[in-house]
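*Asks:*
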Amino acid sequence: MPFGTVTLNDGRKIPGIAFGTGSVWKRQDATPYVAQALEAGFIHVDTAQAYQNEESVPAALKETGTPRDKLWITTKYWRSGTFGGLGIRGELLKSLERLQTSYVDLYLIHSPRGLEDTISKSWRQFEALAEEGLAKSIGVSNFTKPDLEELMRDKKVTPVVNQIQFNPYTLAQQQPVLDYCKKHGIVVEAYSPLAPITRYPGGPVDKPVRKAAERLKATSVQVLLAWVRSKGAVVVTTSSKADRLQEYLAAGDLRKSTMIRLCGPMIEVSIP
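Following the numbering used here, the numbering of the sequence shown begins with 41 at its first residue and continues without gaps.
1. Taking the Cβ atom as the reference point for each residue, do L289 and A80 lie within a distance shorter than 8 Å?
2. CB-CB under 6 Å to G292, same chain, minus the five flanking residues each way: which ones, in chain order?
3. Between Y73 and S280, which are expected to be in contact by the criterion C-beta below 8 Å, what is the C-beta distance as a whole number of angstroms?
4. Would you identify the three-state DSSP class for I300, choosing helix, strand or coil?
5. Kindly provide the ranges of any beta strand (DSSP E) runs that are 3 or more residues long and lie completely inside the region 187-219, ordered along the chain.
6. Could you pull the start and end residues of the beta strand (DSSP E) that G179 belongs to?
7. Exposed or buried, what is A230 when buried is set at 16 or more other beta-carbons lying within 10 Å of its beta-carbon?
8. Straight-line CA distance for G13 to G179?
9. Can you round the beta-carbon distance between Q89 and K116 to whole angstroms, since I take them to be within the 8 Å contact cut?
10. State buried or exposed for L126, treating a residue as buried only when at least 16 other CB atoms are found within 10 Å of its CB.
11. What number of angstroms, rounded off, separates the C-alpha of A258 from the C-alpha of Y220?
12. Measuring only the C-alpha atoms, how far is V197 from K53?
13. Quick one: residues in its chain with C-beta nearer than 7 Å to the C-beta of D50, no 5 flanking neighbours on either side, listed in chain order?
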């Protein structure tokens with residue numbers, strides 16, 4: 041797989057790009073799209089209890105004949121309204137039932153705002169799940185620097201990842217989080233990496249990204265994914281189109297340096 045893996049602080053290696061079942065797939069049967077991603081070469085699927093489509097993952101495994109141990113599965117816990125009423129352990133057990141597996145590779149707190157208890161007390165329950173083997177690795181999502189600081193005060197286990205919205209337009213806002221994660225060996229996972237193209241076209245990043253794409257003989261999508269990857273982040277993205285999935289994976293082949301002006305000074309981005 042072109043994107044390779046990223047080593048986590050617990051020694052495990054996470055695939056560098058994931059197919060996400062959130063976004064447009066929430067509350068829908070995403071089986072055809074997960075299956076298509078597996079056939080394209082994705083070996084990491086990112087889902088969540090709140091997406092209400094975890095069942096799509098084992099269905100896609102069955103449809104494609106992919107063994108469970110060949111796929112990295114990430115899911116997440118959320119407590120709000122009708123979600124999370126069984127508690128953290130109870131909800132993971134329900135997720136495992138829907139996913140038809142005895143463990144998940146990575147279990148995340150979906151958001152610090154989606155917890156019934158404090159961050160510290162909730163994290164202790166996550167640590168217990170890791171000790172029990174129900175989650176091979178544990179991490180967080182949408183945590184700010186203060187959220188991470190609160191967790192780290194009483195933790196036994198450092199989160200392996202913090203999944204955040206990350207692209208050139210969120211760089212300044214997320215910089216304190218990026219710095220904190222780097223200091224403590226927490227890998228950043230980036231969702232909405234293509235927002236500059238898909239949600240905010242015509243912005244200041246468009247022109248330099250387009251020029252970089254021409255220079256690298258790549259697409260603008262690939263340049264953005266390579267930029268995210270150059271920051272050491274794991275990419276979380278999605279698409280219903282097989283050719284677009286191949287385009288994503290091919291971004292892992294970029295091995296050159298490019299220059300992108302991120303609403304400020306020129307920044308050299310080394311793509312390892």
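Even for Gly, the Cβ is constructed at its ideal location relative to N, Cα and C.
As the structure is a computational prediction, the values presented were derived from the model and not from experiment.
*Replies:* This is what the structure gives:
1. yes
2. P42 and F43
3. 6 Å
4. Bear in mind that the predicted position of I300 carries a pLDDT of just 48, short of 50, making it unreliable; the figure below should be weighed with that in mind. The answer is strand: DSSP assigns I300 an E or B state.
5. 201-205
6. A175 to S181
7. buried
8. With the chain covering only 41 through 312, there is no way to say anything about residue 13.
9. 6 Å
10. exposed
11. 32 Å
12. 17 Å
13. S177 and V200
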